[in-house]
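Residue numbers (the numbering used here): 60 to 372.
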């Protein structure tokens, strides 16, 4: 029991580390200033590719893919994940604050519930549907729908959350098929690097030392975030610790306020509160639901054991 609690505590620390890393990634992408979008996407993924390459190179199985049936899912995860990164980076640059982009991207767990219905044939329970609707209501506060082009960055952020949700569902399918997490990370990062490379070359803009440093640090933070979150889910199940990933919004808001002079609009703050409330409620539902289910199973086992004892005397 004590060992389980220790692993869960480590999982929480790792996922808070991932939240900080991804918030720093968003910060450095924004701080790099007016550079072509694909140039930023390239640097974000190139460093992650190098890190994942050497991790696989030193592993026992090297670059072996577990099963041919994993290939379509690896491609889907990479392709949709790449689109998600492009939309997220556009939102980071165009929205009033980097915390807006962070919270919209953090809709991914709710979208994962939706995609699991179609890809894994899982049926969400009524409370999960309710929390999903609450989260989307909060997202609408951040998006603030209106009939002009100013809504596009918010819609891009919203769509990046949908892409991330689809990508995470693909990761789950790959995990069920036995594919290694490091291979999934490498394929995604390498694919994104190769696809963004021609666009970066075509529209390359010379960078100052400061801009280069920002993009390199964004890549390091992205790679760090990937491995922190992988370490977190090795220590504890996602349903127990995933809610702590929303600390990224707080980290992003603080970085934006102190270093970029960004103050999120009041309606966005309302949206943050609603989405985090939905995430926290969903977390509590899973935690207490699991305990209730375990207690019920124990009661049934005890009843069966009592019957066996009385029948044998």
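All C-beta atoms, glycine included, are put in the ideal place defined by N, C-alpha and C.
Tell me whether residue i is buried or exposed, calling it buried when 16 or more other Cβ atoms sit within 10 Å of its Cβ.
i: residue 227; result: buried
i: residue 372; result: Note that residue 372 has pLDDT 46, beneath the 50 cutoff, so the model's placement of it is unreliable and no number is given.
i: residue 209; result: exposed
i: residue 265; result: exposed
i: residue 262; result: exposed
i: residue 108; result: buried
i: residue 40; result: No answer is possible for residue 40: it lies beyond the span of the chain, which begins at 60 and ends at 372.
i: residue 116; result: exposed
i: residue 167; result: buried
i: residue 255; result: buried
i: residue 269; result: exposed
i: residue 394; result: No answer is possible for residue 394: the residues shown for the chain start at 60 and end at 372.
Please list, in chain order, all residues of the same chain as residue i whose beta carbon is under 7 Å from its beta carbon, the five residues on each side excluded.
i: residue 201; result: 159, 162, 163, 213, 327 and 330
i: residue 337; result: 190, 193, 194 and 197
i: residue 290; result: 73
i: residue 247; result: 136, 137 and 140
i: residue 333; result: 193, 196, 197 and 200
i: residue 155; result: 321, 323 and 324
i: residue 122; result: 115
i: residue 341; result: 187 and 190
Kindly list the residues whose CB is nearer than 8 Å to the CB of residue i, restricted to its own chain and excluding five residues on each side of it in sequence; keep chain order.
i: residue 124; result: 130, 133, 238 and 242
i: residue 75; result: 303 and 306
i: residue 230; result: 136, 240 and 243
i: residue 232; result: 132, 178 and 179
i: residue 165; result: 220, 304, 305, 307, 308, 334 and 338
By the DSSP assignment, the alpha helix (DSSP H) with residue i in it spans what residues?
i: residue 132; result: 130-153
i: residue 257; result: 240-261
i: residue 126; result: From DSSP, residue 126 is part of no alpha helix (DSSP H); its letter is neither H nor E.
i: residue 159; result: 157-164
i: residue 99; result: 96-116
i: residue 264; result: Per DSSP, residue 264 belongs to no alpha helix (DSSP H) and is neither H nor E.
i: residue 202; result: 185-202
i: residue 232; result: 211-235
i: residue 316; result: 306-318
i: residue 172; result: 167-178
Determine, using beta carbons only, whether residue i and residue j come nearer to each other than 7 Å.
i: residue 66; j: residue 321; result: no
i: residue 251; j: residue 138; result: no
i: residue 145; j: residue 300; result: no
i: residue 147; j: residue 218; result: no
i: residue 274; j: residue 105; result: no
i: residue 224; j: residue 174; result: yes
i: residue 314; j: residue 87; result: no
i: residue 187; j: residue 176; result: no
i: residue 221; j: residue 169; result: no
i: residue 77; j: residue 288; result: yes
i: residue 149; j: residue 249; result: no
By Cβ distance below 6 Å, which residues in the same chain neighbour residue i in space, the five residues on each side in sequence not counted?
i: residue 103; result: 277, 278 and 281
i: residue 89; result: 151 and 157
i: residue 312; result: 158
i: residue 344; result: 186
i: residue 245; result: 111 and 115
- Three or more C-beta pairs closer than 8 Å, one from the stretch 79-86 and one from the stretch 282-292: is that the case here? Counting Cβ pairs under 8 Å, three or more are found: they touch.
- Examine the Cβ distances between the stretch 96-107 and the stretch 304-319 and report whether three or more of them are shorter than 8 Å. The stretch 96-107 makes no contact with the stretch 304-319, as fewer than three CB pairs between them are under 8 Å.
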